[in-house]
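First up is the structure itself, then whatever we jot down about it.
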Ligand SMILES: *Cc1c(COP(=O)(O)O)cnc(C)c1O
């Protein structure tokens, strides 16, 4: 990174541990953080500095040490799970916590978590109630399904269905849908774990109605469709529609009773994505209308709520899921139910696109994004930081709408060391996660929440100044 640095000279500039600990500004820190914490911090910072010198950097200036130790200790006191500014333009960013919650969801969670709640208590008759009742009415109203149950996430939803309803029986899935969702979650593995037997049907690119019909035996319990959330098949491909699968599953043939039709939608939107200039993502309502017996989807993908797995479908089947012992192990807590309820209410009142952050971000117009990026550009120019405006693309993420992009405007900060600048942005008091492209650090306004503007600009300023400081040193 820096030319002309002599490592031996730099190593010699590093102070001894004892010397640092005796510095008044550092020894004062022991009152607040304790002796051993301060000593650990000093040792760790010295080790970091040695490693950096090995990588070609300079030793920190002697005067910086008290500040380094103090900010290291302050950082170590931060909670492990911290707010981060998502400047990547990936809306449902799985590594950054997927969906930010709506203000009403936050308010309801706050209220429900401060004290006691009617989680499992019927206020009408003063008796024990069921936590399963909370999201049920809204989910059935919104999807047209008879009944609903909420579990910990969509993976748990799929697992519960297979283990409760398909154990030791066969489940037919198209070879084109044996997908890995991410983080190593593979549908075939879940099937095996649940005790169901996977029967692969058709070919990778084409599966026909007759493939399913021919694969059915007396052991078959279900046909399962898995939405190919995070990839797209194009070209010579075909797959029976859900309605066709429903016909196969529900038409009795000879002795055998009807099969279950399970639809794992993954993201499972309630809104029509084509309204926002995106390709059509299957809606939950469509799956129910097409005849799926059980539909599963995530609470924190396009629904825009807390992490949860939602199962909607036939009353008799949901009742079996509810009374299965695993339902208890996979159940959600009161905070999730509170946030989910508020999120679903935004859909029920027709205000989801306005109130739910995921939809606000999807709906943000290029004109507004440009205006925001321009404002940032001007504000940075006032403090001597120049940045360009680029046209670019945001993505929905979260394993939905693969290949679909939304046009956006990016703030592009030129830098000779994009990785180092990105690293500094991540180490700020509110970390900023950005994209790098062609020696520029890219900030996409689409995923930066409205209240984060000031923090973002302060973080950018600090990181750029820090970078300058180092290269001038
Ligand atoms: C994302 C996804 C899952 C897993 O959902 P989680 O809520 O992350 O557990 C399962 N199936 C499909 C098709 C998905 O897209």
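Residue numbers (the working numbering): 1048 to 1520. Where is the CB? At the ideal position from N, CA and C, for every residue including glycine.
- Taking the Cα positions, residue 1499 is about 16 Å away from residue 1510.
- Secondary structure note for residue 1344: its beta strand (DSSP E) is the uninterrupted segment 1341 to 1345.
- Taking non-hydrogen atoms of ligand 1 into account, the C-beta of residue 1228 is found less than 7 Å away from one of them.
- Proximity of the region 1193 to 1204 to the region 1352 to 1367 meets the contact definition, three or more beta-carbon pairs being nearer than 8 Å.
- Taken in chain order, the complete alpha helix (DSSP H) segments of 4 residues or longer contained in the region 1271 to 1333 are 1289 to 1297.
- Residue 1348 is classed as buried because its beta carbon has at least 16 other beta carbons within 10 Å across all chains shown.
- Assignment of residue 1401 by DSSP, reduced to helix, strand and coil, places it in the helix class.
- Taking the Cα positions, residue 1095 is about 17 Å away from residue 1513.
- When C-alpha distances from residue 1414 are compared across 1429, 1260, 1056 and 1439, the shortest belongs to 1439.
- Residue 1137 is positioned such that its CB atom lies no closer than 8 Å to that of residue 1455.
- Inclusion of residue 1200 in the 7 Å shell around ligand 1 follows from its C-beta lying nearer than that to a non-hydrogen atom of the ligand.
- The C-alpha of residue 1448 lies about 14 Å from the C-alpha of residue 1322.
- Judged by DSSP secondary structure, residue 1487 falls within the beta strand (DSSP E) whose first and last residues are 1487 to 1490.
- Residues of the same chain with a CB within less than 6 Å of the CB of residue 1232, apart from the 5 flanking positions on each side, are 1202 in chain order.
- Approximately 5 Å separates the beta-carbon atoms of residue 1217 and residue 1267; this is inside 8 Å, confirming the contact.
- Annotation for residue 1483: 1465, 1466, 1469 and 1489 place their beta carbon closer than 8 Å to its own, counting only its chain and skipping 5 residues before and after.
- With a minimum length of 4 residues, the unbroken runs of alpha helix (DSSP H) contained wholly in the region 1119 to 1185 fall at 1150 to 1161.
- Within the same chain, 1248 and 1249 come within 7 Å of residue 1258 by CB-CB distance, once the 5 residues on both sides are set aside.
- Taking all protein chains in view, the Cβ of residue 1224 is crowded by 16 or more other Cβ atoms within 10 Å, so the residue is classified as buried.
- Taking C-beta atoms under 8 Å as the contact rule, residue 1354 and residue 1200 qualify, at a distance of about 6 Å.
- Within the same chain, no Cβ atom closer than 6 Å to the Cβ of residue 1109 is found once the five residues on either side in sequence are excluded.
- With a 10 Å radius around the Cβ and a threshold of 16 neighbouring Cβ atoms, residue 1102 comes out exposed.
- Per DSSP, the continuous beta strand (DSSP E) segment holding residue 1358 begins and ends at 1356 to 1360.
- Using a Cβ distance threshold of 8 Å, residue 1462 and residue 1487 count as a contacting pair.
- In this structure, DSSP gives residue 1449 a state outside helix and strand, which the three-state scheme calls coil.
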